[in-house]
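Just so you know, the sequences run in chain order D and Y.
Take the first sequence: its position 223, counting from 1, is numbered 223 in our numbering, and each next residue is one higher.
Take the second sequence: its position 55, counting from 1, is numbered 1055 in our numbering, and each next residue is one higher.
Working notes, beginning with the structure itself.
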Amino acid sequence: MTSPLLELNHVSRTFMVKKQQIKAVDDVSFSLGTGEVLCLVGESGCGKTTTGKIIAGLLSPSSGKIFFKGNDISTLSKDQHNAYRLGVQMIHQDPYASLNPTQTIFEILATPLRYHKLVKTDKECRDRVLSLLELVDLTPPDDFVEKYPHQLSGGQRQRVSIARSLTVNPSFLVADEAVSMVDVSIRISLLRTLSHLKDELGLSVLFITHDLALAKYFAWDGRIGVMYLGRMVELSPAPFLVDHPQHPYTQVLLSAIPEADPDITRKKQSLQLRSMDVPSLLRLPSGCSFHPRCPRFAGQLCQEQIPSLTSFYDGSAVACHLVMDDRKKDVIKA
Amino acid sequence: MDAISTIFKEIWKTLRLIAMNKMGLLGFIMIIFFILMSFVGPYVVAPDLQAHVKEINQGPSVKHPLGTDFQGKDNLVQIVHGGRDILTIAFLAGLMTTFIAVLVGSFSAFFGGMVDTVLMEITNFWITIPKFPILVIVASTAKLTNLWLLALLLAMLSWGGFARQVRSQILSLKKREYVEAAQLLNLGPLHIIFREMLPNMMPFIATSLIFAMTSAIYSQTSLVFLGLVPFSGSNWGIMLSSAFAKGALYQKDAIWSVIAPVGAIALFQLSLVWFSRSLEEVFNPRLRSGV
Chain D
1 MTSPLLELNH
11 VSRTFMVKKQ
21 QIKAVDDVSF
31 SLGTGEVLCL
41 VGESGCGKTT
51 TGKIIAGLLS
61 PSSGKIFFKG
71 NDISTLSKDQ
81 HNAYRLGVQM
91 IHQDPYASLN
101 PTQTIFEILA
111 TPLRYHKLVK
121 TDKECRDRVL
131 SLLELVDLTP
141 PDDFVEKYPH
151 QLSGGQRQRV
161 SIARSLTVNP
171 SFLVADEAVS
181 MVDVSIRISL
191 LRTLSHLKDE
201 LGLSVLFITH
211 DLALAKYFAW
221 DGRIGVMYLG
231 RMVELSPAPF
241 LVDHPQHPYT
251 QVLLSAIPEA
261 DPDITRKKQS
271 LQLRSMDVPS
281 LLRLPSGCSF
291 HPRCPRFAGQ
301 LCQEQIPSLT
311 SFYDGSAVAC
321 HLVMDDRKKD
331 VIKA
Chain Y
1001 MDAISTIFKE
1011 IWKTLRLIAM
1021 NKMGLLGFIM
1031 IIFFILMSFV
1041 GPYVVAPDLQ
1051 AHVKEINQGP
1061 SVKHPLGTDF
1071 QGKDNLVQIV
1081 HGGRDILTIA
1091 FLAGLMTTFI
1101 AVLVGSFSAF
1111 FGGMVDTVLM
1121 EITNFWITIP
1131 KFPILVIVAS
1141 TAKLTNLWLL
1151 ALLLAMLSWG
1161 GFARQVRSQI
1171 LSLKKREYVE
1181 AAQLLNLGPL
1191 HIIFREMLPN
1201 MMPFIATSLI
1211 FAMTSAIYSQ
1221 TSLVFLGLVP
1231 FSGSNWGIML
1241 SSAFAKGALY
1251 QKDAIWSVIA
1261 PVGAIALFQL
1271 SLVWFSRSLE
1281 EVFNPRLRSG
1291 V
C-alpha cells in the first residue's frame, strides 16, 4: 500500500498565554492522498488555521507526528525538507496583506522562480510568469505584470497569491479561508479557478473555511472535517456529512445554514443549543468539550470522558459517545 | 543608449515624486544648493587668505553680504569654503550609522532567540554609555585628521537607538502574511530581510539616515568647536570656534561671524528635515500612481 501524500498522527499544539496552556489543536489525525480534497470547518478559534499552519510548516506541533510522502518531517534531511517546504504551499486569507506592496506582480512571481532556479533565462522567466497568470485566469496577463498589488481588486490579488503559491510546483495546497475576504460575487469564480487548478495539476487541497456551504461546494468529491475547540469531531465524505450529519455539533451547524428559499427555512428543524457561548480555550470543559452546549447531552459519560474519533465502515468518523453507542456494530476496530 | 535613457527616465520620475510635496521639494532644492556651494563653490570663489585690518567685524554690506570676521575676512567666502568637510562627514557618518543599525536591528529581530538576546544586550549596553565624553576622549587622544575615520567614529557611537527602532519595525513586518509567504517559498533570510522587509521600511530608513546626518553634524561641529579635531583650512565649526575665541560674545559688531556659521548649519539641517517629507512619496508605491 502506498503511503498517503500527507498524514497527521495525533498532532497537538499548545500555546502558552500568561503561563496558561492553551490547546489550540488537540490530538488531530487524518491523512490525505494525492489529488484529494479535505475541508476543515468550524467556528473561529477552533484550530483550523493552526492546523493549516502546522501542515505548512509555519508552526511545529507540540506533540504528534506529520508524515509527508511517508517520511516524518521532523527527521527529514536538508534536501528532503526543502522538497517538503516547497511541496506544501499556503494561500492566505487576506489578499490585502499577503502581497508585498513594494513589488510589482512580475517581481512577486519571478522571485521564487529565479531563487529556486526553476527558469534559466529572462525570457523563460517572463513566459512562465505570463502562463501562471493565465492559469489563474488573470487575462490578458500583459495587463497585470507591471502592476502593483494596490492597483488590483481583492479577487485579482487573491489570484496573484494563488499564482505565487504555484510558482514552485507544489503538490499540496493549504487554502486558509482563501475566498472569505473577497466579494461574494467573485467568490464562486475564484472557487472554480481553484477546483480547476486542483484537477489540472493534481493538487491535494486542504480547504479551511468557516462556511459550511462553501465546504459543501468545494469538497463535494472530497471529505469534510468538522473541528470544535481544537478537536476533530466528525470527518466524513462531503455528501455523506451533509446528508447524514452524525455529531450533534455538525447537526447544529447544518441546521444553522440559511437557505435562500424561505419555505425550506421554515420547514427545517432548528436544533437548539443548550448554551450559545463558546467556552474559553483557557477553561475547556471536562470530558467532551461540547457537552455544555450539546442538544443531546446525556449525563455523566459526556462530562467525564473525552470521546475519541471513531471510524465506521461507511467511511465516516465521529467523536461522540452517543453516536458510538448507536452504531456499535459499524465501528472499525483499530 | 537604452540603459542610459531608462536611467534618465527613472531620475525624472523620482524628481517628479519629490516635487509632489512642496516642503520636500524646497528641502531638496536647498540640499542641492548646499552641495553645489560646498563642492563647486570653492573652485569659483577665491579663498580669502589675507587679513584686512580695516574691515574687522563688519555687518552685512554689498561688498560683504554676511559681514566680516575678527580678521576682516569675508564670512560668505568662508562659508562657501567651509562646507565640504561638514557635508562629507555628515553623509558618511549618516550612511554608516544607518548601515550598522539596519544590520544589527534586522538580524536581531529576524533570527530572534539567542541572536536577539545577545545583539540587544550589546545594544542596550551601548546606548547607556555617555557618548559625547567618549567622543571627546577618543578625538583628543587619536589625531582624527581622516574624514572617514571621524565618520566611522561618529557612526560607532550613534547606531544604538536606531538599531532598536529597526528591530521593532522588523518584528512587526515579520508577522505580515507576505513575509510568511516568502518563508513558505523558502526564499532564505537574506532575501526576506533585504528584498521583502527593507523596501517596506524605506521611508523610515531614509528618515533615520537624515536624523543620523543631523546628529553627525552637531557632533562634529561640537568637536571642532572644542578644538579637538585639528581641521586644516576653514570649516563652519572652526569659524564658530574662532569667533568665540576672539570674544564674539562681548562685541556687538562680531555677531555676524556667529550668525553666518550657525545659520549655515541650521539651514542645512532644516533642508534635510524638509526633504525627508518627500521620502514617503518616493518610496511608497501607493503614492506613486499619479506620476
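Backbone N, C-alpha and C fix where the C-beta goes; we use that ideal spot for every residue, glycine too.
| query | result |
| --- | --- |
| Report the neighbours of Y/Pro1199 on chain D: residues whose CB is nearer than 7 Å to its CB, in chain order. | Thr102 |
| Using a Cβ-Cβ cutoff of less than 7 Å, which residues in the same chain neighbour Y/Val1053 once the five nearest sequence positions on both sides are dropped? | Gly1072 |
| Please report the straight-line C-alpha distance between Y/Val1282 and Y/Ile1018, rounded to a whole angstrom. | 6 Å |
| Jot down the residue ranges of each uninterrupted alpha helix (DSSP H) in the segment 85–137 of chain D, minimum 4 residues, whole runs only, in chain order. | 105–115, 122–135 |
| Would you mind sorting D/Asp261 into buried or exposed? The rule is 16 or more other CB atoms within 10 Å of its CB. | exposed |
| List the residues that DSSP assigns as beta-bridge partners of D/Tyr228. | D/Arg231 |
| Between D/Ser98 and chain Y, is the shortest Cβ-Cβ distance under 8 Å, so that the two count as touching? | yes |
| Excluding the 5 residues preceding and the 5 following D/Ser171 in the sequence, name in chain order all residues of the same chain whose CB lies nearer than 6 Å to its CB. | Gly87 |
| Below 7 Å on C-beta distance, what does Y/Arg1176 contact in chain D? | Ala97 |
| Which term fits Y/Val1118, buried or exposed, when burial requires 16 or more other beta carbons within 10 angstroms of its beta carbon? | exposed |
| From Y/Val1273 to D/Pro285, what does the alpha carbon distance come to, in whole angstroms? | 59 Å |
| Can you tell me which of the three DSSP states D/Thr310 falls into? | strand |
| Among Y/Trp1256, Y/Asp1085, Y/Tyr1250, which one has its Cα closest to the Cα of Y/Ser1234? | Y/Asp1085 |
| Check D/His244 in the structure and name its three-state DSSP category. | coil |
| By DSSP's criteria, D/Asp176 is part of a beta bridge. Which residues make up the other side? | D/Ile208 |
| Express the C-alpha separation of D/Arg192 and D/Gly42 in angstroms, rounding to a whole number. | 22 Å |
| Using a Cβ-Cβ cut-off of 8 Å (strictly less than) and excluding sequence neighbours within five positions of D/Ala238, which residues of its own chain qualify? | Cys39, Ala215, Lys216, Ala219, Trp220, Asp221, Gly222, Arg223, Ile224 |
| Just to confirm my understanding: we take D/Leu203, look at its own chain, exclude 5 residues before and 5 after, and list those with CB closer than 8 Å. What are they? | Gly35, Pro170, Ser171, Phe172, Leu173, Leu197 |
| Determine, using beta carbons only, whether Y/Leu1076 and Y/Leu1087 come nearer to each other than 8 Å. | no |
| Would you be able to state if there are at least three C-beta pairs under 8 Å between the segment 27–34 of chain D and the segment 199–213 of chain D? | yes |
| Report yes or no: do the segment 1095–1108 of chain Y and the segment 1141–1157 of chain Y share at least 3 C-beta pairs separated by less than 8 Å? | yes |
| Would you say Y/Gly1189 faces chain D, with C-beta separation under 8 Å as the test? | As written in the sequence, residue 1189 of chain Y is Pro, which differs from the Gly given in the question. Taking Cβ atoms only, chain D never reaches closer than 8 Å to Y/Pro1189, which makes this a no. |
| Is the separation between the beta-carbon of D/Gly64 and that of D/Asn9 shorter than 8 Å? | yes |
| From D/Met324 to D/Asp26, what distance separates their C-alpha atoms? | 20 Å |
| If you run the structure through DSSP and keep just helix, strand and coil, what is D/Cys302? | helix |
| In whole angstroms, what is the alpha-carbon distance linking Y/Val1291 and D/Leu133? | In this prediction, Y/Val1291 has a pLDDT of 48, which is less than 50 and means its spatial position is unreliable; what the coordinates show is noted afterwards. Going from the Cα of Y/Val1291 to the Cα of D/Leu133 covers about 26 Å. |
| What are the residues of the segment 1056–1087 of chain Y that lie near chain D, defined by any Cβ-Cβ distance shorter than 7 Å? | none |
| For D/Gln20, which of helix, strand or coil comes out of DSSP? | strand |
| Using 8 Å for Cβ pairs, my map puts D/His380 next to D/Ser44. What's the rounded Cβ distance? | For residue 380 of chain D there is no data in the structure shown, the boundaries of chain D being 1 and 334. |
| Assuming D/Ala319 and D/Arg231 are in contact, meaning their beta carbons sit under 8 Å apart, how far apart are those beta carbons, in whole angstroms? | 7 Å |
| Report yes if the C-beta distance between Y/Thr1258 and Y/Leu1287 is below 8 Å; otherwise report no. | Here the sequence assigns Val to residue 1258 of chain Y, which means Thr is not the residue at that position. Not closer than 8 Å, so no. |
| Where does D/Asp26 sit, in a helix, a strand or coil, going by DSSP? | strand |
| Using a C-beta to C-beta distance shorter than 8 Å, which residues of chain Y count as neighbours of D/Gln89? | Leu1184, Leu1185 |
| Going by DSSP, what residue range makes up the beta strand (DSSP E) through D/Ile66? | 63–68 |
| Excluding the 5 residues flanking D/Thr111 on each side, which residues of the same chain have their C-beta closer than 8 Å to its C-beta? | Gln103 |
| Can you check whether the CB of D/Lys48 is closer than 8 Å to the CB of D/Met227? | yes |
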